[in-house]
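Visitor: Dumping the structure here so I can ask a few things about it.
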Amino acid sequence: MGNREFAALLYEAADLMELQGIDWKPQAYRKAARAIESLERDISDILKQSGRKELQEIPGVGEGIASHIEEFLRSGRVKKFDEVRKSLPPGIGELLELEGLGPKKAALLLKKLRVRGLADLKKALGAGKLRSLEGFGEKSEENLRKALELHERGKERMLLGEALPLAEELLDYLRPHAERLDYAGSLRRMQETIGDIDILAQSGRPSGVMEAFIAFPRVERVLAHGATKSSVLLREGIQVDLRVIPAGSYGAALQYFTGSKEHNVALRAIAAKRGLRLSEYGLFKGEKLLAGRSEEEVYRKLGFPLIPAEMREDRGELAGTKPPELVELRDMRGDLHAHTTFSDGISAVEEMALAAKSKGYEYLAITDHSQAERIARGLSEERLEEQWKELSRVEKRVGIRLLRGAEISIQNDGSLDYPERVLKKLEVTVCSIHSGFKMPKEKMTERILAALDNKYCDILGHPTGRLLNRRAPYEADMQRVFEEAVEERKILELDGHPERLDLSDAHALAARKLGAKFSLSTDSHAAAHLGYMRFAVGQARRGWLTKGDVVNALHLKGLRKVFPRMRD
Ligand code: DGT
Ligand code: CA
Ligand code: CA
Ligand code: ZN
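What follows is the structure, encoded as structure tokens:
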């Protein structure tokens with residue numbers, strides 16, 4: 010425990026120091042933070058088992074940061090960071106969460122307009138004060154206004170990728186106190202963001218579960234503490250509701266609290282038509298209980314198979330036809346989007362290969378950034394060829410097929426960021442937009458269509474460019490993009506990075522209707538990120554994708570038919 014928390018502290022300290030005008034340190038802090046948050050091992054284990062010297066083996070961690078880690082693990086805080094924080098107005102941290110407002114600009118706002126937090130910023134925006142500042146303008150004023158709106162909406166909902174590990178930790182913690190334990194609600198439906206976490210428990214001693222629950226170490230505040238229902242607010246800023254349910258109605262309660270509300274309303278109407286009544290206590294005919302113990306029983310008595318939680322959105326899953334067999338995590342045979350230390354990843358090729366191998370994958374496409382991405386250390390032709398040598402070496406050593414790939418930036422005119430002589434040697438390409446987001450819709454659509462028409466484009470990477478809670482998708486006619494992809498037999502990516510989930514579930518559903526094929530990927534920048542595949546699969550299931558819709562559910566042999574430049 011502690012990696013995520015400490016990395017968050019480091020990021021925060023880096024921003025605040027940059028705001029104070031301190032130069033090199035923030036970069037070093039961020040580098041260390043990136044390494045720490047994607048470590049496989051807990052920093053507390055490393056310290057306990059191997060000592061401080063071993064901490065300094067983490068990339069970017071020197072003596073200073075190592076001692077901060079020790080202090081943090083001992084006391085839960087770092088005095089030096091506390092001091093930095095105290096030297097600045099308390100609202101500044103929130104300002105920095107806005108997309109497009111870095112520490113340098115925030116420093117300017119503080120100095121010139123005395124903007125000390127979000128409320129001040131809102132006022133300054135309202136009065137049109139920013140446009141006259143150097144380095145700002147009407148355009149950046151407009152962008153900040155949008156970012157502020159997104160932030161205000163986003164604050165209430167947590168990313169699935171953050172909420173799920175928290176819920177799992179809590180469930181592990183509660184397990185000794187309950188016979189049955191499930192998370193329900195939007196989390197079980199794998200919705201991209203989560204309002205609150207709903208947990209159900211069955212227990213012979215409800216008070217024991219409740220006591221344990223409110224004593225969970227991450228609890229910030231107890232909002233309600235009752236005999237069968239309690240609510241807490243976690244330090245991470247999300248509410249958790251826990252309900253204890255008797256065995257006889259556990260299935261009905263799980264069905265009810267999984268939702269969605271829309272699905273429940275529709276299902277209840279179907280029950281009513283048959284003269285039955287469905288509630289969180291069970292399915293009833295008059296006073297007689299027909300089903301309640303298991304969800305399966307509830308659905309069966311209403312004439313349905315067990316409908317996967319991810320489909321319960323009233324999008325046609327209750328129409329009566331047999332639901333599709335949704336793709337599952339264990340169907341996945343490889344990952345087609347991963348970065349390494351050659352560009353902006355933090356794990357070496359071999360670490361990535363080993364991690365993929367341990368997932369039971371047959372293949373992994375190494376897709377580092379193309380040459381134009383200077384900040385992400387995109388690869389020149391020469392570096393790319395060096396990488397291929399490394400891929401051959403590691404491939405043999407680890408015993409997993411490593412595809413020569415690249416994540417190639419789609420330039421403003423729709424062309425790809427490598428010359429043809431390079432493109433034709435790549436076995437698979439993920440083509441993505443990384444700049445020029447603000448084009449008019451028509452132009453952006455043409456740009457993407459042009460990329461799809463390129464015979465060396467295989468996969469359209471994170472197709473809408475959105476960042477959840479932070480950046481809206483770029484304007485583009487996605488329906489046309491999907492049609493073109495189908496026509497040109499190009500693959501659409503469903504990027505499972507928790508901040509992206511791009512395509513969204515709704516887009517996946519729409520594209521599937523047109524007959525599109527998908528790559529479920531992780532966009533890993535560290536070996537541990539390969540685990541994001543479950544989020545890609547979750548969104549895919551919400552988009553009704555089956556194994557047959559997903560190219561990286563194919564074995565190597567089948568994959569060769571999809572990507573014609575793949576070697577044997
Ligand atoms: P969230 O928390 O906003 O991410 O979304 P949910 O779906 O987890 O919603 P939440 O926590 O308000 O309620 C959990 C489930 O309880 C919800 O998915 C369905 C059920 N539920 C809540 N309120 C109602 C309601 O008014 N009618 C019906 N039929 N079901 C409800
Ligand atoms: Ca909920
Ligand atoms: Ca709830
Ligand atoms: Zn990428």
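Residue numbers (our numbering): 10 to 577.
We treat Cβ as the ideally placed atom computed from N, Cα and C, and that holds for glycine.
In whole angstroms, what separates the C-alpha of residue 62 from that of residue 69?
Guide: The residue you call residue 62 lines up with position 53 of the sequence shown. The residue you call residue 69 lines up with position 60 of the sequence shown. Distance between the alpha carbons of residue 62 and residue 69 is about 13 Å.
Visitor: Would you mind listing the alpha helix (DSSP H) stretches within the segment 216-288 that are 4+ residues and don't spill past its ends, in chain order?
Guide: The segment 216-288 contains these whole alpha helix (DSSP H) runs: 259-267 and 270-282.
Visitor: Could you tell me which residues DSSP puts in a beta bridge with residue 297?
Guide: Within the sequence shown, numbered from 1, the residue matching residue 297 stands at position 288. DSSP lists 294 as partners of residue 297.
Visitor: Would you report the Cα separation of residue 527 and residue 167, rounded to the nearest angstrom?
Guide: The sequence position of residue 527 within the sequence shown is 518, counting from 1. The sequence position of residue 167 within the sequence shown is 158, counting from 1. One C-alpha to the other measures close to 26 Å.
Visitor: Below 8 Å CB to CB, which residues in the same chain sit around residue 323 once its five sequence neighbours on both sides are set aside?
Guide: Your numbering for residue 323 matches position 314 in the sequence shown. 269, 271, 272, 274 and 275.
Visitor: For the candidate residues 196, 142 and 252, whose alpha-carbon lies nearest to that of residue 267?
Guide: For this step, residue 267 is matched to residue 258 along the sequence shown. Of the listed residues, the one whose Cα sits closest to residue 267 is 196.
Visitor: Of all the options 494, 473 and 486, which has the alpha carbon lying nearest to the alpha carbon of residue 463?
Guide: On the sequence shown, position 454 is the one that residue 463 refers to. Selected option, being the one with the closest Cα: 494.
Visitor: Pull the bridge partners of residue 527 from the DSSP assignment, please.
Guide: To locate residue 527, count along the sequence shown from 1; it is residue 518. Residue 527 is bridged to 501 and 559.
Visitor: Measuring straight from C-alpha to C-alpha, what distance separates residue 116 and residue 262?
Guide: Counting from one through the sequence shown, the residue named residue 116 turns up at place 107. Counting from one through the sequence shown, the residue named residue 262 turns up at place 253. The alpha-carbon atoms of residue 116 and residue 262 are separated by roughly 51 Å.
Visitor: Report whether the distance from the Cβ of residue 514 to the nearest heavy atom of ligand 1 is below 7 Å.
Guide: Reading the sequence shown from its first residue, position 505 is the one you call residue 514. No; taking the cut-off as 7 Å, the Cβ of residue 514 has no heavy atom of ligand 1 nearer than that.
Visitor: Determine the direct distance from the alpha carbon of residue 102 to that of residue 226, and round the result to whole angstroms.
Guide: Locating residue 226 in the sequence shown gives position 217, counting from the first residue. Locating residue 102 in the sequence shown gives position 93, counting from the first residue. Answer to the nearest angstrom: the Cα atoms are 24 Å apart.
Visitor: Which residues mark the beginning and the end of the alpha helix (DSSP H) in which residue 308 is found?
Guide: Residue numbering aside, residue 308 sits at position 299 when the sequence shown is read from its first letter. Start and end: 304-310.
Visitor: Kindly indicate which three-state DSSP category residue 358 falls into: helix, strand or coil?
Guide: Counting from one through the sequence shown, the residue named residue 358 turns up at place 349. Note: residue 358 maps to helix in three-state DSSP.
Visitor: Ends of the alpha helix (DSSP H) at residue 116?
Guide: Here residue 116 corresponds to residue number 107 of the sequence shown, with the count starting at 1. Counting along the chain, the alpha helix (DSSP H) containing residue 116 begins and ends at 112-122.
Visitor: Mapping DSSP to helix, strand and coil, what is residue 207?
Guide: As a first step, residue 207 must be located in the sequence shown, where it is residue number 198. Three-state DSSP puts residue 207 in a strand.
Visitor: Between 361, 426, 372 and 316, which lies nearest to residue 387 when the distance is taken from Cα to Cα?
Guide: For the purposes of this step, residue 387 is taken as the residue at position 378 of the sequence shown. Considering only alpha carbons, the answer is 426.
Visitor: Measuring from the CB of residue 416, is there a heavy atom of ligand 4 at a distance below 7 Å?
Guide: The residue you call residue 416 lines up with position 407 of the sequence shown. True, at least one ligand heavy atom lies under 7 Å from that Cβ.
Visitor: Ligand 1 and residue 45: does the residue's C-beta get closer than 7 Å to at least one heavy atom of that ligand?
Guide: In the sequence shown, counting from the first residue as 1, residue 45 sits at position 36. For ligand 1, not one heavy atom lies less than 7 Å from the Cβ of residue 45.
Visitor: Residues around ligand 6, please: the condition is that the C-beta lies closer than 6 Å to some non-hydrogen atom of it.
Guide: Absent from the structure shown: ligand 6. Ligands present: ligand 1, ligand 2, ligand 3 and ligand 4.
Visitor: If you follow the alpha helix (DSSP H) that residue 134 is part of, which residue opens it and which one closes it?
Guide: Reading the sequence shown from its first residue, position 125 is the one you call residue 134. Per DSSP, residue 134 belongs to the alpha helix (DSSP H) from 127-135.
Visitor: How many angstroms separate the CA atom of residue 400 from the CA atom of residue 358?
Guide: Stepping through the sequence shown from its first residue, residue 400 is reached at position 391. Stepping through the sequence shown from its first residue, residue 358 is reached at position 349. Rounded to whole angstroms, residue 400 to residue 358 spans 7 Å at the Cα level.
Visitor: From which residue to which residue does the beta strand (DSSP E) around residue 418 run?
Guide: The residue given as residue 418 occupies position 409 in the sequence shown. Run containing residue 418: 410-418, per the beta strand (DSSP E) assignment.
Visitor: Classify residue 35: buried if its beta carbon has 16 or more other beta carbons within 10 angstroms, exposed otherwise.
Guide: Residue 35 sits at position 26 when you count from the first residue of the sequence shown. Result: buried.
Visitor: Which whole-angstrom value is the C-beta distance of residue 545 and residue 531, which I expect to be below 8 Å?
Guide: Residue mapping note: residue 545 aligns to position 536 of the sequence shown, counting from 1. Residue mapping note: residue 531 aligns to position 522 of the sequence shown, counting from 1. Right, the Cβ-Cβ distance comes to about 7 Å (below 8 Å), so this counts as a contact.
Visitor: Does DSSP put residue 392 in a helix, a strand or coil?
Guide: Within the sequence shown, residue 392 is the residue found at index 383, counting from 1. Correct three-state label for residue 392: helix.
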